[in-house]
Every structure is written in structure tokens, then in C-alpha cells.
Amino acid sequence: MRSALRSPRTLAALGAGLGLLVACVAWFVPYLTRDRVNVAGVPVPPPFTAQAAVRVAPGSEACLSEVAFDTDADLVELSTLTAPRARTRLEVAAQAPGYRETATLPGPYEPVAPLYFAIDPPERSLIGTLCIRNRGTRRVDLLGTSDARTAVGRPITRIDGVEVAYDVSVRLLSTDQGSVLERLGQLVDRAAAFKPGLFGIPVFLWMALLAAAIGIPTAAVYSVLSSFRESREREH
Amino acid sequence: MAIPTRARRRSPRPAVAQLALKARTLPRPLVALLAMATIQVVAWMLVLPPFQGPDEDAHFAYVQHLAETGGRPGAPTSGSRSYSTEHAEAMKWADLFVLRGVLGARPGWAEVEEQRWHEVEASLPEEASSDSDQNAAGNNPPLYYALETVPYHLAPGGSFFNRFYMTRVASAVFYVAAVAFMWLIASELFRPLWARTLATAIFGLHPKFAMVGALVNPDTLLVLIWTVFIYIGLRIVRHGPTMRRLIGVGATAAASLATHGRGVAIVPALVVLLGIAYLRWRPPLRQTLLVAAIGLGIATAGLGLAGVFTTGVSGEDAAYGGVLGWVDDPRFNIRQFLSYVWQFYLPKLGFMQPSIGVAGYGFNEVYIQSFYSGFSWLEIEYPRFAIDLLHVATMLLLLGLYTVAVRRLDAVKRSWPTTAFLLVTGLSMVALLHLSSYTTMLTNPGDPLLTGRYLFPLLSLLAIGVTVVVTALPRRISAFATGALVSAGIVLQLSGLGLAFVRFYA
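So the protein sequences, as listed, match chains U and Z.
When we follow the working numbering, the leftmost residue of the first sequence carries the number 1, and every step to the right adds one.
When we follow the working numbering, the leftmost residue of the second sequence carries the number 1001, and every step to the right adds one.
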């Protein structure tokens, strides 16, 4: 037993095993089992450099074109920039061919705090328009972006049909929240999108993920342990 | 007539059998490390959405332009379309424009977006693949992009994303080849098999290099070229210059020059290598002249090739304009430059002016933070504690190297050609990076144009340094340290992949 512990190969295995154990317990497991927000799509992300206000007057409507509504888009998240005011009321309408969902949220709204509008997602993913109508009697400034990093996406913002310089920042969220481990299948399906041939088959992605999670440590540790064994064989 | 012809044709079977036999003689640790490197690079390729690495959009646009038109794209100031229509439409429908470096963005994954893209792709005219005119990477020399046109044309099916992923696969091959050459370097320097394994594992498990290896980016080829150069250089200083080695070292220098502007740093390393080879082996004058002519001649041919293909060798918008701009820049001030270099690594001394550039951007940001971390477009970072641990580990490594050098001064003196060659090769790249960074900051102090990724051609030196320190430890401690270091590499690799997977798809 003592001589086995003295062997360089055993000591290398001990060093590798301890390192991996500590990382699993202290980092990997907490990271993978923590509940996270489930993002169902980001038509326009929050600004990267500077906030811009998309001003929506009472009765007016800001619409984003070519928004993809996926089958798990349960919430529309957006923010306002104006100070909390009474008599404010926003209505969100998600519409696509054969699909229309609306949700209303009365003010006052805290500036920059996210507002959530609950909608029923479509049965199959659709591309359509997302409109935010000001149903109140006071102007509402929506958080928007005009910077070169975040305002270059597909959707174009129009207010009452007229294209504006700023895009409204919008996220679509799923209420089906959970940890990465619990949602691994969904994440793999998402990763398979826009990949050609073999790379786009979820089973192949699953295999690649498993190969990475098991194969990388196994191959690396095996290489070290076999090198100590072969070194010893050569010495003998 | 057909029968004798058939009889003369050599059957491929013996060749395959011979190859299989050769593969069987490969050391098991090397086979395991190559398998590990392949798994890693494939995983990174699949996890990172298209164009989500440093300038990958520009590099692919260069490949596409070259493959479709046979010519290089224009310099960044020469036109308005940086992508072909096909490329731009693909990025639009997969939500890839906004994804670049923006943590809050996600790629498109809805089935309808993919369907719409297929419809758009089918409707595009032929010229939609070749109508880009300018490119942010347009000044780069052509070698990498020219090689990438081969997989681009070989892509089955011909769809845009097929061609894109095929070019990524080709880069991945360069990455795995670099790992194999690291093994050869380690075999040249270290006798114990475990030390060779450790050096190669340090190189292969570097998380950010594995990420870059999975991208369309000339940096991967540059790393391969420098790793090959260092291997052949070591053979020359340790075993003497032969014709094959000289052609090899000249060809790698030429390839470096024809791959990237930063590749020019290989020239001083080559000159010093030839000098060391002369001092160490003292060949006769005629042979010396032949040696110099072969090495430098091939390298000059590479320089000429890059210069002819691009807009010249020096000056603005030229292949090496960015890295050699300091040569004819009248604002270049040697005192200011030295002060900048000092303050990059060490605290400012009382008599010094504040350094040019971004305050606080120095050793930690380049040699630690963006060297190990900063995946995708730099937006994916390891947690603070991991960066701090890597900083401590780097300091320990430097301390260890100093201790080994002092304690084994005689051995260092005896192997001066090897030490000098490795040191000069490293310093050559570092000096060039500082010179080009300083020159850039004379125009735009907010952009240091120096990031950890630029140091990857010297990754083999890091692996050698770590292995030198570990092999100097008492036997049992070195065995334990080897296991612990490899596990640290595995943890960094897997966590990098995990962070990227969650960032894009959660």
C-alpha cells in the first residue's frame, strides 16, 4: 500500500483526481444546477454603449418587425426610462399570420426595471410583429438602442408606421425556468439550429457534448498516467 | 494493354497497412492527447455560433471573396460592402450581427428563422456570394485564406453554412497539427515520457487556444507555423544545420510572413537562429553563406509574395503597415516607448510620465486575462477567482524559472544555444507586439491593439517553461504537480466550453 502511494503514477492520479473533485464540487455542480432565466429569444438586446429613449406618445404605437416568436415565448420583457407616472398603461401585441396575443400592464413603471407582459406562445414558431401601444394619457419612453453593436439586428422599429432611429430593446422569456442540467435537451436543440448536415443533428451534438464532458478528462488523465507507466517500463 | 497497366498500379493496401503500423508505434500518451485535442476543437466548433470569435466574420468574408473571385478583398477603406449579400443575409436570419460581443443577445434558433433563411438562400442569385468589396482583414497576407478556399470549395451541398463549417474544420486540423508538433518539441527537450506528455498537455489544454483553433482565423495557422519553426530551430541548434532543416526553417519563416502581419516577428528569430547555428557548429565559409542564403532567401520570397498579393509591405493599408508602422513614424519617441514598456509590466517610477494608452492596461490584462480568458468576442470571462488563481500560478512559474536558472546555472550555460534561441524567439514576438501597440496608440490612445491571443505563437514556450519547473521538483512532488496541472487544464477547458454553451443557448 505504502509503496503504491510512493509510485509517481499514483501520485499523478491523486493530483489529477483531487483537482477534478474540487472543481466539480466547488464550481461545476453549483453552476450547472442553479436556476436561470430561460431566454426564448432576443429580438433587440439592451444597448451596449448608451441608452436611447424611444418616445411613445399617448395613443401611439411602436412596432418591431420580423420578430421570431418561438413556441416557448411566454413573456415579453421591456423597460421604460421615464420616472414613475400615474395614468400610464402599455399594451403589448404579438402578431403573426394566424396568431395574435395581447397583454396590458398599467403604470406607474420604475425606470429601467423590467416589465413583463404575459402572452400565450404560438403552437409553432412564427415570424411577425411586436407592437407596444401607449394606452395611457402620459408619454412613455421605452428603453431603446441606437449603437452600432445592438441596433443592427433584423427587427426595425416604427412608431405609427414611421421608421425611427432607435430600436426598442425587447426580450422574450419562457416561464419554464430551470437549471442548465434540467434544460440540457432544450439547449442542445437550440445549438443545433443553423448547423448543416451532421452538425445540425441533435444526437450528434449530444454525442459531442458527452465526448467533451467525459472524453477530454479521460484522454488527458490517461495520457499522463500511461506516460508514467511507459517511463517506468523504459527504466526497467 | 489494360492488364499490365493494372498490374503496375500499386495496391493501396500495403500503404494503408504501413500507415496503420506506424500509427500503432505512436506513443500512447500522444495518441490520447491528439484524441483530446480533436474532441476539444470539435466541441468548440459546435458550441460557438458562426462568426462568434474575434473577427471571424471578416476572416470568413476574406476566404469567400478569394474563393469566389480569385482576388483579395479591398483594404478596409476601399468600399462599403464588407460581406457578400449571401453572408449578410445568413447573419441577419441567424441573428448573428447583434450577437458579436453582446452578452444580452442570443443567436436565432427558432425553426421558422431557419426555414426563412433556406427560402432566402434558395432565392439568391449566383453573384450574391461574391459581391463584397472591402474587408477589415483585407490587409492580411493571403496564405491562410488561400488554404481555406480548398475546404470552401469542397463543402458538400454548397449551402452557405456548409461552406462556413468546412472552413472551420480546416482550421481545426491546423490546431491538432500544432499539438502534434508540440510533442516533437517536448521530445527534443525532455527525456522522460511524462515530461513530454506534460508539456504537450499544457499546450493542448490551453482553453482559449482550443477556442481559436475552432474558428476561421489565421492565428491558428500562425501558431502551427511558429511551433514548427521552434521545433526545426531546436533541431538546428542541437544537432546542426542540414539542408532539409534549413529549407524547413526558411519555409516556415516564409509561411509566417505570408500568413499574418504579426508573422514578421519571425525574421529576427530566424537571423539569430542562423547566427547561433554558425557559432555552435562553425561550418566552413562557403557552407555558411549557403546556409544564410537558403534560410533568408526562402523567407524573403514569402515576404515578396505577401507584398505582391496585398497592397505592399509597408505603409498604411499594407500587409505589415500595422506592425511596422513605427519604422517611419516621425512621432516615434524611444524614451516614451521604453517608459510605456516599463509601465506595462512594472509600477511607474517617480521620474516617469504617465504611460501612453489606456490606464491600467498591462501585464495582467494581456498575459493573464485575455490570454486564458475572454472567449468568443472577449465577452465570456472566467470568474474573478479563476483569473486571480491564474495570475498567482503565472507568478509562481516565473519565480520557479528564475530559481531553476540560478540553481542550474551551469546547465543553462551548457545549453546556451537552446536557451538563447528560445529566448530570442519569444522576445522577438513580444517586442514587435509592443512596438505595434505603441505606434497604434500614438494615433488612438484608447486602442492598445494588444491582446493575449497575439501571444499564442509562443504557447510552446509556456509549455516548455512549466515543464522545466516541474521536472526540477523532487520526483514525487513533480508527479503530483503533473496530475494537478493537467486537471487544472481540464477544468479550464471544460468550464470555458460550459460558459460559452450557457452564454449562447440558455
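The C-beta atom is built at its ideal place from N, Cα and C for all residues, glycine as well.
Please read these numbers as outputs of a predicted model, since none were measured by experiment.
- The residue among Z/Gly1074, Z/His1087, Z/Ala1195 with its C-alpha nearest the C-alpha of valine 1469 of chain Z is Z/Ala1195.
- Counting only the Cα atoms, proline 1014 of chain Z lies some 42 Å from serine 7 of chain U.
- In this model, aspartate 167 of chain U and threonine 1077 of chain Z are separated by some 28 Å (Cα to Cα).
- Burial state of proline 122 of chain U is buried, judged by a 10 Å Cβ sphere holding 16 or more other Cβ atoms.
- At least one C-beta of chain U is nearer than 8 Å to the C-beta of proline 1029 of chain Z.
- If you look at isoleucine 1247 of chain Z, you'll find it in the alpha helix (DSSP H) that goes 1243-1257.
- Taking a C-beta cut-off of 8 Å against chain U, none of the residues of the stretch 1281-1302 of chain Z qualify.
- For proline 46 of chain U, the C-beta contacts it makes with chain Z under 7 Å involve Gly1104, in order along the chain.
- Aspartate 176 of chain U sits in a strand when the DSSP states are folded into three classes.
- In the DSSP assignment, tyrosine 99 of chain U is bridged to U/Ala96.
- Interface criterion met: the Cβ of proline 217 of chain U is under 8 Å from a Cβ in chain Z.
- In summary, the residues of the stretch 1091-1102 of chain Z whose CB is separated from some CB of chain U by less than 8 Å are Lys1092, Trp1093, Ala1094, Asp1095, Phe1097, Val1098, Arg1100, Gly1101, Val1102, in the order they occur in the chain.
- At a C-beta separation below 8 Å, leucine 75 of chain U has no neighbours in chain Z, since its nearest C-beta there lies roughly 15 Å away.
- By the Cβ rule, the stretch 1077-1095 of chain Z does not count as touching the stretch 133-144 of chain U, because fewer than three pairs are nearer than 8 Å.
- Between leucine 1461 of chain Z and glycine 1426 of chain Z, the CB-CB gap stays under 8 Å.
- Counting only Cβ-Cβ distances below 7 Å, tyrosine 1505 of chain Z has contacts in chain U at Leu187, Arg190, Ala191, in chain order.
- Annotation for tyrosine 116 of chain U: the continuous beta strand (DSSP E) segment containing it runs 114-118.
- Listed along chain U is no residue with a C-beta nearer than 9 Å to that of leucine 1459 of chain Z; the closest approach is about 17 Å.
- Annotation for leucine 1442 of chain Z: the continuous alpha helix (DSSP H) segment containing it runs 1416-1443.
- For a Cβ distance threshold of 9 Å, nothing in chain U lies close to tyrosine 1438 of chain Z: the least Cβ distance comes to about 27 Å.
- The residue among Z/Ser1082, Z/Arg1106, Z/Val1102, Z/Thr1467 with its C-alpha nearest the C-alpha of tryptophan 1093 of chain Z is Z/Arg1106.
- For aspartate 70 of chain U, the three-state secondary structure derived from DSSP is coil.
- Phenylalanine 1190 of chain Z is a Cβ neighbour of alanine 1199 of chain Z, given a cutoff of 8 Å.
- Between alanine 73 of chain U and leucine 143 of chain U, the CB-CB gap reaches or exceeds 8 Å.
- Assignment of alanine 52 of chain U by DSSP, reduced to helix, strand and coil, places it in the strand class.
- Looking at the DSSP output, isoleucine 159 of chain U bridges to U/Ala62, U/Val162.
- For alanine 40 of chain U, the enclosing beta strand (DSSP E) starts and ends at 35-44.
- Distance between tyrosine 1165 of chain Z and asparagine 134 of chain U, taken at the CA atoms: about 45 Å.
- Under the three-state reduction of DSSP, glutamate 1381 of chain Z is assigned to coil, being neither helix nor strand.
- From the listed residues Z/Val1424, Z/Asn1444, Z/Arg1503, Z/Leu1449, the smallest Cα separation to serine 1436 of chain Z is found for Z/Leu1449.
- Using a 10 angstroms sphere on the CB of histidine 1206 of chain Z, the tally of other CB atoms reaches 16 or more, which defines it as buried.
- Valine 1486 of chain Z has a beta carbon lying within less than 8 Å of a beta carbon in chain U.
- In this structure, the alpha-carbon of isoleucine 1225 of chain Z lies about 6 Å from that of serine 1256 of chain Z.
- The three-state reading of DSSP puts threonine 137 of chain U in coil, since its state is none of H, G, I, E or B.
- By the criterion of a C-beta distance shorter than 6 Å, alanine 1405 of chain Z is surrounded in its chain by Val1412, once the five residues flanking it on both sides are discounted.
- Residues of the stretch 1162-1186 of chain Z with a C-beta less than 7 Å from any C-beta of chain U: Asn1162, Tyr1165, listed in chain order.
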